[in-house]
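This report refers to the structure that appears directly beneath it.
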Amino acid sequence: MHFTADELRKLEKYLSQKLKLSGVTLKKRERAQDSIEVLMEGEFIGTIYKDTEDGETSYDLNIAILEIDLPPL
0 MHFTADELRK LEKYLSQKLK LSGVTLKKRE RAQDSIEVLM EGEFIGTIYK DTEDGETSYD
60 LNIAILEIDL PPL
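The structure is reproduced here in structure tokens:
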């Protein structure tokens, strides 16, 4: 399953509005067609996977957070 340019634009807009963040960009992956990279101000933060089943399409956002990146309390 590949992502269309229109899907990338719609997903970027959706994430920017829902998360109230600017600087979110999406990038196609070179080796994988079923997912795209999520970048925040140019830094990789996660992936979005596309799933189409029974005529419906959904997108799964996966963000990995390393413990070392967490701020102290």
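According to numbering that gives the first Met the number 0, the sequence shown holds residues 0 to 72 in order. In this text, a Cβ means the ideal position worked out from N, Cα and C, and glycines have one as well. Note that the structure is a prediction, hence the values are computed from the model and not measured.
Within a 10 Å sphere around the beta-carbon of Ser57 sit fewer than 16 other beta-carbons, which makes this residue exposed. Burial check for Ser21: the Cβ neighbour count within 10 Å stays below 16, so the residue is exposed. Bridge pairing for Leu38: Thr24 and Phe43 [DSSP]. If you draw a 10 Å sphere on the C-beta of Leu14, you find 16 or more other C-beta atoms in it, and that means buried. In the three-state reduction of the DSSP assignment, Asp5 falls in the helix class. Ranked by Cα distance from Phe2, the options Asp33, Lys19 and Glu11 are led by Asp33. Short of 7 angstroms from the beta carbon of Arg28, and not among the five residues preceding or following it, lie these beta carbons of its own chain, in chain order: Ser34, Ile35 and Glu36.
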